[in-house]
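Peer 1: Quick one: this structure, given as structure tokens, is what I'll be asking you about.
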Amino acid sequence: MPVKSAVVVDEGVEAVKTLRRRQAIIDAFKDAYGTYVSLCGDHDEIHPVAKTCTDWFRLGLTRVDAMDTMYLMGLREEFQDAVQWLDTHFNLDQDVEFSVFEAIIRILGGLLSAYDLSKEPSLLAKAKGFADRLMPAFSLWPSGLPAPVVNMKTGRAHAHSWQLSSVMLAEIGTLQMEFVYLSHATNDTKYAHTALKIFKNLKKAAVAPGLYPTHVKAQDGTPGNAYVTLNALGDSLYEYLFKTWLLMDKKVAWLGELWEEAATAILERLRVKDGDLVYVASLSGNALVHTVDHLACFAAGMYALAANHTDSRQEAERRMEFARDFTFFCHNMYHKTTSGLSPELVTVAAGEMQFKNHLNYLLRPETLESLFYLFRATGNPMYRDWAWEIFEATQKHCKVPSGGYTIVNNVMSEHPNSADLQPSWFLAESLKYLFLTFSDPTVVPLDKYVFNTEAHPLRIFTPRAAEIDIPSS
Ligand code: DMJ
């Protein structure tokens, strides 16, 4: 009996601690969002120190990106205000050029997820209207690969001026989730066909089975270089191969095969163990490059989720082991710095992480994302404690006294200085993954939802035959 009651007390203490932490995360969100709305609510992002505003879409980006987070946190008044704001301000007839990639993951993904959770029909209508403005991007080249830039009003699509003949891997492979979901929700197959065709032709771009280079030739989709990475430029293509397959309830077999091939190749060719450190290197031709971007830290969570969807028990264990080891690596990108915040990247030499350059912290989500998946997969409270450490370091160094949060420079300093920007992904992703890490697993259950790369959860669905039957032309 005494033993049993001791356990009960411990559980109670743990539950109170979790509740307190969750509330602190909600308070941080309210501060970040409230500061944005009061100072820059008609703009995209805020510089909270200077109290100035930035626009690139002119669509209230931070609000759109943050809507599903507020919905999940139970901030329904804020959510309804956001729906109303969009009804009067979401104007697509604006002569602005923007990144198709960013538009899809943040605006389209944000609208679709907010629609999925709330079933507010105006959000789906806006998502469809917005996607239609992006469609000209897919007609610039015979390959059907998207042009990286489009003008919202005129539909003029074009390449980046510094890179006319090729497109980045992440830009061609980070739209399929949003587009297949949109087709299913609107019963209009054109988005799914446009998006799936890119994956259907992806093997043309491979430099080895399952490995794709950061640049692909825009005209015909063949390799533009021989650099393979889960860092910037490559990362989310691999994520979308896996998650698009999951989102369509694993009904598209060829997509599952593409993912399996990539998942295995990454562990076989890019995984490195050096001393206590396990990480994903990049591949330049046949040479490994031992630089790990914070961005790549999403891969730990991806493999934890993938382990649950892997038929071979041995391979599932290998994936889970990598997930645990790489999460430990990403945790140390924070834990070993002076401020407790991670730099943008580390290099690894002789079993040690080197913190030498790119020492800025951009309030990025990827490590928190992996900690969320690892906690869901294992229930080990250590992952909650690691997530909390990051939250505390953020409170200490990134919270702006007058309101909001900012990215900072020099994480190896005891007092990193502000670089004055509150990125929309801090509200869309970092705070959402934190909140979910301290919530019950029934909040966004992983057997019913898949998160896009901007942390927007989309509900798994069974595709209609017409959605996955891609015309051959
Ligand atoms: C986000 O926009 C997305 O997570 C994207 O996949 C990568 N970069 C940022 C956050 O770091």
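Position one of the sequence shown corresponds to residue 0 (numbering that gives the first Met the number 0), numbered consecutively onward. Beta carbons: idealized from backbone N, C-alpha and C, even for Gly.
Taking the beta carbon of alanine 454 as the centre, do at least 16 other beta carbons fall within 10 Å, making it buried, or is it exposed?
Peer 2: Buried is the call here.
Peer 1: If you follow the beta strand (DSSP E) that isoleucine 45 is in, where does it begin and where does it stop?
Peer 2: Counting along the chain, the beta strand (DSSP E) containing isoleucine 45 begins and ends at 44-46.
Peer 1: Can you tell which of Gly11, Thr17, Thr185 and Ala194 has the C-alpha that lies nearest to the C-alpha of serine 142?
Peer 2: The option with the nearest alpha carbon to serine 142 is Ala194.
Peer 1: Could you say which of Glu77, Phe137 and His214 lies nearest to alanine 113 if we only look at CA atoms?
Peer 2: Minimum Cα distance to alanine 113 is reached at Glu77.
Peer 1: What does a CB cutoff of less than 8 Å around alanine 392 pick up in its chain, not counting 5 residues either side in sequence?
Peer 2: Around alanine 392: Tyr333, Ser338, Gly339 and Leu340.
Peer 1: List in chain order: all unbroken alpha helix (DSSP H) runs of 4+ residues lying wholly within the stretch 352-415.
Peer 2: Here the runs fully enclosed are 365-377 and 380-396.
Peer 1: If you run the structure through DSSP and keep just helix, strand and coil, what is tyrosine 211?
Peer 2: Looking at tyrosine 211 - three-state DSSP - the assignment turns out to be coil, as it is neither helix nor strand.
Peer 1: Keeping to the same chain, check which residues put their C-beta closer than 7 Å to that of alanine 217; ignore five residues upstream and five downstream.
Peer 2: Excluding residues within five positions, the ones whose Cβ falls inside 7 Å are Trp140, Ser142, Leu144, Ala158, Ser164, Ser165 and Val166.
Peer 1: Do leucine 201 and leucine 257 have their C-beta atoms closer together than 9 Å?
Peer 2: Contact flag set, yes.
Peer 1: When you compare the CB positions of tyrosine 404 and proline 47, do they come within less than 9 Å of one another, or not?
Peer 2: Yes.
Peer 1: Tell me the rounded alpha-carbon separation between cysteine 52 and proline 462.
Peer 2: Taking the straight line joining both Cα atoms gives about 41 Å.
Peer 1: Once the 5 residues before and after serine 121 are set aside, which same chain residues still bring their CB inside 8 Å of it?
Peer 2: Cβ neighbours of serine 121 beyond the five flanking positions: Val82, Leu85 and Asp86.
Peer 1: Using only the heavy atoms of the ligand DMJ, determine whether one of them is closer than 8 Å to the beta carbon of threonine 173.
Peer 2: Indeed, a heavy atom of the ligand DMJ lies less than 8 Å from the Cβ.
Peer 1: Between which two residues does the beta strand (DSSP E) carrying valine 82 extend?
Peer 2: Note, valine 82: premise wrong, no beta strand (DSSP E); alpha helix (DSSP H) at 75-88.
Peer 1: Is DSSP giving lysine 152 helix, strand or coil here?
Peer 2: In this structure, lysine 152 counts as coil in the three-state DSSP scheme.
Peer 1: Compute the distance between the beta-carbons of proline 342 and leucine 362, then report whether it is under 9 Å.
Peer 2: Cβ atoms of proline 342 and leucine 362: not closer than 9 Å.
Peer 1: How many angstroms separate the CA atom of lysine 196 from the CA atom of isoleucine 171?
Peer 2: Those two C-alpha atoms are separated by around 11 Å.
Peer 1: Quick one: Cα of valine 148 to Cα of glutamate 96, how far?
Peer 2: In a straight line, the C-alpha of valine 148 is about 6 Å away from that of glutamate 96.
Peer 1: When we look at the beta-carbon of isoleucine 88 and count the other beta-carbons within 10 Å, is it buried (16 or more) or exposed?
Peer 2: According to the sequence displayed, residue 88 carries histidine and not isoleucine. Histidine 88 comes out exposed.
Peer 1: In whole angstroms, what separates the C-alpha of lysine 29 from that of aspartate 64?
Peer 2: Taking the straight line from one Cα to the other gives about 14 Å.
Peer 1: Could you spell out where the alpha helix (DSSP H) holding alanine 306 opens and where it closes?
Peer 2: Segment 297-306, the alpha helix (DSSP H) holding alanine 306.
Peer 1: Examine the ligand DMJ and report whether any of its heavy atoms sits within less than 8 Å of the Cβ of arginine 105.
Peer 2: The answer is yes for arginine 105.
Peer 1: Suppose you measure from the CA of isoleucine 45 to the CA of threonine 68; what does that come to, to the nearest Å?
Peer 2: In a straight line, the C-alpha of isoleucine 45 is about 18 Å away from that of threonine 68.
Peer 1: With distances taken Cα to Cα, identify the nearest neighbour of aspartate 133 among Lys118, Ala124, Trp253 and Thr153.
Peer 2: Checking the displayed sequence, the identity of residue 133 turns out to be leucine instead of aspartate. That would be Thr153, whose Cα lies nearest to the Cα of leucine 133.
Peer 1: First and last residue of the beta strand (DSSP E) that includes lysine 272?
Peer 2: Unbroken beta strand (DSSP E) run through lysine 272: 270-273.
Peer 1: Is it true that the CB of alanine 207 sits closer than 9 Å to the CB of arginine 270?
Peer 2: Taking 9 Å as the Cβ cut-off, arginine 270 and alanine 207 do not qualify as a contacting pair.
Peer 1: Under 8 Å: do the stretch 345-355 and the stretch 419-433 share three or more Cβ pairs, one atom per stretch?
Peer 2: The stretch 345-355 vs the stretch 419-433: no contact.
Peer 1: Just to confirm, does proline 145 get its C-beta within under 8 Å of one of the non-hydrogen atoms of the ligand DMJ?
Peer 2: Checking the Cβ of proline 145 against the ligand DMJ gives no.
Peer 1: Using beta-carbon positions only, say whether cysteine 329 and histidine 289 come within less than 9 Å of one another.
Peer 2: Cβ distance not < 9 Å, so cysteine 329 and histidine 289 don't count as in contact.
Peer 1: Considering Cα atoms alone, identify which of Thr436, Val449 and Tyr32 is closest to lysine 242.
Peer 2: Minimum Cα distance to lysine 242 is reached at Val449.
Peer 1: According to DSSP, is histidine 159 helix, strand or coil?
Peer 2: Histidine 159: strand per DSSP, three-state reduction.
Peer 1: If you drop the 5 nearest sequence neighbours on each side, which residues of the same chain put their C-beta closer than 7 Å to that of alanine 264?
Peer 2: So the list reads Ala207, Pro208, Gly209 and Leu210, once near-sequence residues are dropped.
Peer 1: Between which two residues does the beta strand (DSSP E) holding methionine 247 run?
Peer 2: Methionine 247 -> no beta strand (DSSP E), and no H or E assigned at all.
Peer 1: Does the stretch 431-438 come close enough to the stretch 9-29 that 3 or more CB-CB pairs lie under 8 Å?
Peer 2: The stretch 9-29 is in contact with the stretch 431-438.
Peer 1: Based on DSSP bridge pairs, tell me the residues matched to lysine 216.
Peer 2: Partner(s): Ser165.
Peer 1: Quick one: grab the DSSP three-state call for threonine 17.
Peer 2: Reduced to three states, the DSSP call for threonine 17 is helix.
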